[in-house]
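Single-structure report; data block below.
There are 2 protein chains.
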Amino acid sequence: MAKQKKQPRPKAAAPRGFRDYFGPEVTRRRSMLETIAKIYHLYGFDALETSAVETVEALGKFLPDVDRPNEGVFAWQEGEAEGKGDWLALRYDMTAPLARVAAQYRNELPSPYRRYAMGPVWRNEKPGPGRFRQFYQCDADTVGSASMAADAEICAMLSDVLEAVGIARGDYVVRVNNRKVLNGVMEVAGIGGPEHEAERGIVLRAIDKLDRLGEDGVRALLGEGRRDESGDFTKGAGLDNLQTEKIMGFVGTQFRVDNNLAQQASDLEAANQNETANNLHSARYSASSKMAHHWADYAEYRQIWNRAVIRHLDELVEGNDEGWKGVRELEEIFDHLVAQGKDGSFLIDPSVVRGLGYYTGPVYEAELTFEVTDEDGRPRQFGSVAGGGRYDDLVKRFTGQEVPATGVSIGVDRLLAALSGRNLDARPADGPVVVTIMDRQRTGEYQTMVRRLRDAGIRAELYLGNPRNFGNQLKYADRRGAPIAVIQGEDEAARGVVQIKDLKLGAELAASLSHEEWRDQPAQFECPEADMVEEIRKRLQ
Amino acid sequence: MAKQKKQPRPKAAAPRGFRDYFGPEVTRRRSMLETIAKIYHLYGFDALETSAVETVEALGKFLPDVDRPNEGVFAWQEGEAEGKGDWLALRYDMTAPLARVAAQYRNELPSPYRRYAMGPVWRNEKPGPGRFRQFYQCDADTVGSASMAADAEICAMLSDVLEAVGIARGDYVVRVNNRKVLNGVMEVAGIGGPEHEAERGIVLRAIDKLDRLGEDGVRALLGEGRRDESGDFTKGAGLDNLQTEKIMGFVGTQFRVDNNLAQQASDLEAANQNETANNLHSARYSASSKMAHHWADYAEYRQIWNRAVIRHLDELVEGNDEGWKGVRELEEIFDHLVAQGKDGSFLIDPSVVRGLGYYTGPVYEAELTFEVTDEDGRPRQFGSVAGGGRYDDLVKRFTGQEVPATGVSIGVDRLLAALSGRNLDARPADGPVVVTIMDRQRTGEYQTMVRRLRDAGIRAELYLGNPRNFGNQLKYADRRGAPIAVIQGEDEAARGVVQIKDLKLGAELAASLSHEEWRDQPAQFECPEADMVEEIRKRLQ
Chain A
1 MAKQKKQPRP KAAAPRGFRD YFGPEVTRRR SMLETIAKIY HLYGFDALET
51 SAVETVEALG KFLPDVDRPN EGVFAWQEGE AEGKGDWLAL RYDMTAPLAR
101 VAAQYRNELP SPYRRYAMGP VWRNEKPGPG RFRQFYQCDA DTVGSASMAA
151 DAEICAMLSD VLEAVGIARG DYVVRVNNRK VLNGVMEVAG IGGPEHEAER
201 GIVLRAIDKL DRLGEDGVRA LLGEGRRDES GDFTKGAGLD NLQTEKIMGF
251 VGTQFRVDNN LAQQASDLEA ANQNETANNL HSARYSASSK MAHHWADYAE
301 YRQIWNRAVI RHLDELVEGN DEGWKGVREL EEIFDHLVAQ GKDGSFLIDP
351 SVVRGLGYYT GPVYEAELTF EVTDEDGRPR QFGSVAGGGR YDDLVKRFTG
401 QEVPATGVSI GVDRLLAALS GRNLDARPAD GPVVVTIMDR QRTGEYQTMV
451 RRLRDAGIRA ELYLGNPRNF GNQLKYADRR GAPIAVIQGE DEAARGVVQI
501 KDLKLGAELA ASLSHEEWRD QPAQFECPEA DMVEEIRKRL Q
Chain B
1001 MAKQKKQPRP KAAAPRGFRD YFGPEVTRRR SMLETIAKIY HLYGFDALET
1051 SAVETVEALG KFLPDVDRPN EGVFAWQEGE AEGKGDWLAL RYDMTAPLAR
1101 VAAQYRNELP SPYRRYAMGP VWRNEKPGPG RFRQFYQCDA DTVGSASMAA
1151 DAEICAMLSD VLEAVGIARG DYVVRVNNRK VLNGVMEVAG IGGPEHEAER
1201 GIVLRAIDKL DRLGEDGVRA LLGEGRRDES GDFTKGAGLD NLQTEKIMGF
1251 VGTQFRVDNN LAQQASDLEA ANQNETANNL HSARYSASSK MAHHWADYAE
1301 YRQIWNRAVI RHLDELVEGN DEGWKGVREL EEIFDHLVAQ GKDGSFLIDP
1351 SVVRGLGYYT GPVYEAELTF EVTDEDGRPR QFGSVAGGGR YDDLVKRFTG
1401 QEVPATGVSI GVDRLLAALS GRNLDARPAD GPVVVTIMDR QRTGEYQTMV
1451 RRLRDAGIRA ELYLGNPRNF GNQLKYADRR GAPIAVIQGE DEAARGVVQI
1501 KDLKLGAELA ASLSHEEWRD QPAQFECPEA DMVEEIRKRL Q
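What follows is the structure, encoded as structure tokens:
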């Protein structure tokens, strides 16, 4: 650009889909990250911070929206004088960079390598309300362990984290599934081979829509297809009835296990075994995500439920090796959780299908079960705040050698939103003491007052705007949420005193008293300048 | 890309110029950021976090290396289905995004607005040893105050921050200059108008090379030009002798003020006023950056020095309005620092030329004055770790309205490197207790031990690798820096005890004892399983 060229004014706006975070939003997030890091650390995980930028080839292509431009990432090509260089991109998660690090430093890192990482990730997605293109993740992963104990540890830690940041036990559930079980079911249904990849894709997407379409909608998508309310037709997987019912047996696990338990309970009632029957009813109830009771009451019933789910899955995959292996892995994770007394917050749930393409076995998802009020004032269940799983092939991409790995990613911004939605994040206001300027010539003296307050550890500011209009100074103090303003005019200076104006008390009095009472009780008093720090400290306590 | 296409393995490497940070490197940086944020907060600054991505037009072009491709930033164009979109880029500093925010939210933010921000920034520069393309900055700025009290506050805060992170008073100096003074000098030298922009550019670059080329080298660049050792010729600014000497009077301020004080001292000595003369000598010495003494001894001498520099500058800009204004601003900042008892760490230094293009008045730079050992084992002075200044026109770019602003940026990674270089960052090792697996069948029991340790707040891990080779488990514990390993075989389990192996003590004993003594004093003992947590806690203290 020519140097003197007159340019139009730039637009003062963050790019579409990006936002700014102010004051308490930033510090609340920081304190949540600290809390999570503390638990990760307690579990023996070490910090790792990779750069935001990776080569596109190292990141790989595992995002669900593969048909979008740039396949969901922000990418650019290095353009150097000596010719075009690598394609670079902003990381879209913390897992792909970890796989790169595990491969790059495989001779230096301990094995297994437990690491945690926190920071922003970027997705080149269409922004929407409450959906941003930069958001925080806080991950923990174990690389180099094939043991289901590693998955169980991650799940237990996830539950500890949720409770540490303020989600009560019973207000969340961690749902666990295993990709191998579904693969097994699809093999049993005869769509296992590489020639059926397209059908499997349709089946996966259909399952993911169970919540929205219900069993009949999913069934239609497994068969010929489905016409929605607008008249649009979505082509189905073209499965025959037998195949469809096999898959639906899996999709409808919740419903079928519930039915089975109800049937068993009714048989027990008929045989007058009411207590055992009631336990089965409690187990049914414990699997409902509407539950918001204390965990201790539910652990034993959830165990009944989870064991029943395992039996149901075993029937579905009978005779299929991969499916059988998947169910055993689920059972093993669950046993590990039971051994640690950590099973009460877990549900084995075949409807969990994580979107990312790299998962190979167990997948998990933490869901908040309480209702929050959304932007339009409507109550809704909050939903997923964390997810993860096992990705045994991700390091192999680089080295050719199998390196099993598993981990979880916590959506910190969503978790913060959940806590705000419940007002669980109330924090005392924390504005600074504002020292005003009555007499510009004496700025040095006012600054010394500020210095004394700061030296005493009291957050304090000198008013740095134009001091001419004193009203503006008090308005500024107000906007800053200042608890106290300090005022010293010529007269006070001569007498060696300051005026201390208690803005918080003033606001309370103004709200509760009549105008006359308020005038008689001004929340303002005089004190010797020497006592200022002590007087203010007392007021702030 | 076709789905089944066989791809070559991706390279397991961070992109050129980017690096990974492991364990203590991450936590040390985090704790430094916390320390800095605490002080910024005490001074009344509020947190702000903008996204890493801005529009190119909002960022503007203020980086020094304007002739590099992309002008020093990582940028790309939004490519959406509906046509090409905005050019986006990673922020190259925290100041340009702040200016955008100050403009965008000008009606909501308090004014003046004190904000701090911390996080990575990105520069598309040629990477070199120790020079990375992503690094951390921790900034504090005041937007909306024209008062030099704001600049003084930033400088005082910078000095507090350096001391809080562990730099001793006397081991750093904050150098302050003012762009207006140099502009004034250039006007006086007759190269003030817009038609002399090229000459002014050469002059600025020449001044920046004073350290390397010395006065004669700079003088050559101000005149016809300079041929370096390799024979390459750099064209000069073409100034005549009178002009050159005017500029050199400014460039050589340090030398000239030193000479003046020496002359005065010698006059005083001739008049037998030895004490006053000694003060002048101390003042000369106090301006040398080799000084590494206690600040309290030097404040008064530095004040003599700084006042002498102000007199010298006043002479240089005599009759020039902008220059005179610049010197007054310097004096005002200095007076504010004196009023707060914060002047001892400051030197007014006309050789400070900050590279960024947006500064309009005061500029400052914090320099560490101690020597560190570089990568090749050679001692060198550490140099600059922070810098900033006043940029009154940056918000105006967006709004057309003048919004004065000033701030500082701390190079957190450089500061960390400085502390490492001095071994000021020694921290106790912090590896987890490792519970080993002697008997795979009993993994659940081992896990319960880990759980008990974690519940007691003790960092602990279960060994999650293949447990077959027990030696590998102890090697793993070693690599993790584990202080203690817990071992329980069948025999111990039957007796309800565990073996506690004190690895730290073991290593110490192994280093200090003969092999026989060591065998007799194994740092391993048995204790009842019930006492395990308590025994380990004792050992860890």
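Sequence order for the protein chains is A and B. In terms of this note's numbering, the first sequence is residues 1 to 541. In terms of this note's numbering, the second sequence is residues 1001 to 1541. A virtual CB, placed ideally from N, CA and C, is assigned to each residue, including glycine.
Contact under 8 angstroms by Cβ, residue i with residue j
i	j	result
B:GLU998	B:MET1148	Lying before the first or after the last residue shown, residue 998 of chain B is absent from chain B, which here runs from 1001 to 1541.
B:VAL1185	B:GLY1361	no
B:CYS1138	B:VAL1385	no
B:CYS1155	B:VAL1176	yes
A:GLY223	A:LEU239	yes
A:ARG115	A:LEU48	yes
A:ASN274	A:ALA308	no
A:ASP151	A:ILE333	yes
Closer than 8 angstroms at the beta carbon, the chain B residues around residue i
i	result
A:ALA75	TRP1076
Outcome for residue i when other beta-carbon atoms lying within 10 angstroms are tallied against a minimum of 16
i	result
B:ASP1531	exposed
A:THR373	exposed
B:SER1288	exposed
B:PHE1382	buried
A:LYS235	exposed
A:THR276	exposed
Test: residue i CB closer than 8 angstroms to a CB of chain B
i	result
A:LYS84	no
A:ALA14	yes
A:VAL53	yes
A:VAL26	yes
A:ALA510	no
A:GLU318	no
A:THR142	yes
A:GLY400	yes
A:ARG328	no
A:ASP46	yes
A:PHE18	yes
A:SER31	no
8 angstroms Cβ cut-off: residues of chain A touching residue i
i	result
B:GLU1057	PRO10 and LYS11
B:GLY1060	PRO10
8 angstroms Cβ cutoff, residue i in contact with chain A
i	result
B:PRO1432	yes
B:ARG1459	yes
B:GLN1499	no
B:PHE1346	no
B:HIS1336	yes
B:THR1050	yes
B:ARG1414	no
B:GLY1465	yes
B:GLN1473	no
Per-residue contacts from residue i into chain A (C-beta, under 9 angstroms)
i	result
B:ARG1284	In chain order: nothing, as chain A lies at least about 28 angstroms away.
B:ARG1442	Going along chain A, no residue has its Cβ under 9 angstroms from B:ARG1442, so there is no contact; the nearest lies around 10 angstroms.
Contact set between residue i and chain B, taken where Cβ atoms lie within less than 9 angstroms
i	result
A:TYR359	Chain B residues near A:TYR359: none, gap ~18 angstroms exceeds 9 angstroms.
A:TYR476	PRO1110, SER1111 and PRO1112
Chain-ordered chain A contacts of residue i [CB-CB under 7 angstroms]
i	result
B:HIS1041	ARG459
B:THR1448	ALA339 and GLN340
Partners in chain B for residue i, counting only beta-carbon separations shorter than 7 angstroms
i	result
A:ARG451	GLN1340
A:PRO120	ALA1052
> Does the region 85-102 of chain A come close enough to the region 47-54 of chain A to have 3 or more Cβ pairs within less than 8 angstroms?
Replying inline: yes
> Any contact of the region 393-410 of chain A with the region 100-118 of chain A, i.e. 3+ C-beta pairs under 8 angstroms?
Replying inline: yes
> Using 8 angstroms as the threshold, is the region 158-172 of chain A in touch with the region 427-447 of chain A, meaning 3 or more CB pairs across them?
Replying inline: no
>> Taking 8 angstroms as the cut-off, does the region 1365-1380 of chain B touch the region 1414-1421 of chain B (at least 3 CB pairs, one atom from each stretch)?
In response: yes
>> Contact between the region 241-255 of chain A and the region 347-355 of chain A is defined here as three or more beta-carbon pairs at a separation below 8 angstroms; is this criterion met?
In response: yes
> Can at least three beta-carbon pairs, one atom from the region 1335-1344 of chain B and one from the region 440-458 of chain A, be found at a separation below 8 angstroms?
Replying inline: yes
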